[in-house]
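There are 2 protein chains.
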Amino acid sequence: MQKNAPKAKDVEIRLDAQLCFAIYGAAHAFNRTYKPLLEPLGLTYPQYLVMLALWEEDGHTVKVLGEKLGLDSGTLSPLLKRLEQSGLVARQRDPQDERQVVITLTEKGAGLKAQADEVYAAIGQAIGCSVEEAVAVRDSIIALKERLNKAGE
Amino acid sequence: MQKNAPKAKDVEIRLDAQLCFAIYGAAHAFNRTYKPLLEPLGLTYPQYLVMLALWEEDGHTVKVLGEKLGLDSGTLSPLLKRLEQSGLVARQRDPQDERQVVITLTEKGAGLKAQADEVYAAIGQAIGCSVEEAVAVRDSIIALKERLNKAGE
DNA sequence: CGTAATTAGATTGTGCGCAATTGAATTGCG
DNA sequence: CGCAATTCAATTGCGCACAATCTAATTACG
Numbered sequence: 208m209q210k211n212a213p214k215a216k217d218v219e220i221r222l223d224a225q226l227c228f229a230i231y232g233a234a235h236a237f238n239r240t241y242k243p244l245l246e247p248l249g250l251t252y253p254q255y256l257v258m259l260a261l262w263e264e265d266g267h268t269v270k271v272l273g274e275k276l277g278l279d280s281g282t283l284s285p286l287l288k289r290l291e292q293s294g295l296v297a298r299q300r301d302p303q304d305e306r307q308v309v310i311t312l313t314e315k316g317a318g319l320k321a322q323a324d325e326v327y328a329a330i331g332q333a334i335g336c337s338v339e340e341a342v343a344v345r346d347s348i349i350a351l352k353e354r355l356n357k358a359g360e
Numbered sequence: 208m209q210k211n212a213p214k215a216k217d218v219e220i221r222l223d224a225q226l227c228f229a230i231y232g233a234a235h236a237f238n239r240t241y242k243p244l245l246e247p248l249g250l251t252y253p254q255y256l257v258m259l260a261l262w263e264e265d266g267h268t269v270k271v272l273g274e275k276l277g278l279d280s281g282t283l284s285p286l287l288k289r290l291e292q293s294g295l296v297a298r299q300r301d302p303q304d305e306r307q308v309v310i311t312l313t314e315k316g317a318g319l320k321a322q323a324d325e326v327y328a329a330i331g332q333a334i335g336c337s338v339e340e341a342v343a344v345r346d347s348i349i350a351l352k353e354r355l356n357k358a359g360e
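Each protein sequence line maps, in turn, to chains A and B. Here the working numbering = 1-based position in the first sequence + 207. Here the working numbering = 1-based position in the second sequence + 207.
Structure representation (structure tokens):
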């Protein structure tokens, strides 16, 4: 593990930096890949992630959506309003606890899933790797993320 | 490629979605981890990435920085202006080709590297994995990114 | 030369992403 | 009951990120 070569520290530094660059760039690459595919659906990438969460299970509160996606209300509130304006979701206060806003899919929003499913195929092609490989990458990234989250309390 | 099992497609869909979520979340996790560490230096995370590139090699043009980081001038121009206002870099037109703007570190900017090096140690701890593991993650993420970039022409 | 095409940056407009603040609703505790 | 603390969402302000557009400088070509 320890090296005597004079450049050992530089190598580690570069590795950290390269890991940053890699994640940073990969996130943008995903964004750029999705963008043209989502444009016909009238969705941005973060909006698509919200819709994915709703297609999986409808009726989440803003808070739960925020926890799923790691976003706070400052990001979600305007985003959800745009989805509402697009007629894809409805926002209504929970009568039991009026602090909470429940997000539900409209018929149009639910119907969009069919088109969205076609996006998967294109993305799957773009990713262009085996299921096993994708699982491995996913798991190592999740592990990395968990460690980062834990390190920040 | 075609399957008869009813849930096979759902599994693939989830995998794609999970990979998206993972990358998306990991990028934010990095951002959140760096933010408090960079705040004493007066840098944001993207600004830090620009400084990393300059510490590695000073005197890049805006174009080269954009290629290294995958950012366009619409993002870099205001970012570099803020770094200039902070007194960390200087922007000057290349006399040979006045279309180009060369970014150089000021003394203050170069001096910041010492403090930034301490950030590495903290990040290294936060990442909390072996060099081999980090290399493996980095490489698989880079490979994924390359495929995405290639898929989008 | 001189005009067209190319290249480099800057600007504009939209949409995240997050910290900090605000305000309304609910809960807890005496 | 009554008041303080808590919870949830919305708002505000700042900084990316990118497409589209614009301006200025350089290069290519006749």
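Ideal Cβ positions, reconstructed from N, Cα and C, are used throughout, including at glycine.
Asked                                                                                                                : Found
Contained beta strand (DSSP E) runs [length at least 3] in the segment 239–316 of chain B, N- to C-terminal order    : 296–300 and 308–312
Residue environment, residue 281 of chain A, which counts as buried when at least 16 other CB atoms sit within 10 Å  : exposed
Residue 351 of chain B - DSSP class collapsed to helix/strand/coil                                                   : helix
Rounded straight-line distance, which links the Cα of residue 304 of chain A to that of residue 349 of chain B       : 46 Å
Between the CA atoms of residue 268 of chain A and residue 301 of chain A - distance to the nearest angstrom         : 9 Å
Helix, strand or coil at residue 335 of chain A [DSSP, three-state]                                                  : coil
Residue closest to residue 292 of chain B, alpha-carbon to alpha-carbon, out of B:228, B:333, B:312 and B:244        : B:312
Beta carbon proximity, residue 303 of chain B to chain A, threshold 9 Å                                              : no
Contact belief for residue 254 of chain A with residue 276 of chain A at Cβ below 8 Å, rounded distance in angstroms : Incorrect: roughly 11 Å between the Cβ atoms, too far for contact.
Residue 239 of chain B vs residue 226 of chain A beta-carbon contact at 9 Å                                          : no
Span separating the alpha-carbon of residue 232 of chain A from that of residue 345 of chain A                       : 16 Å
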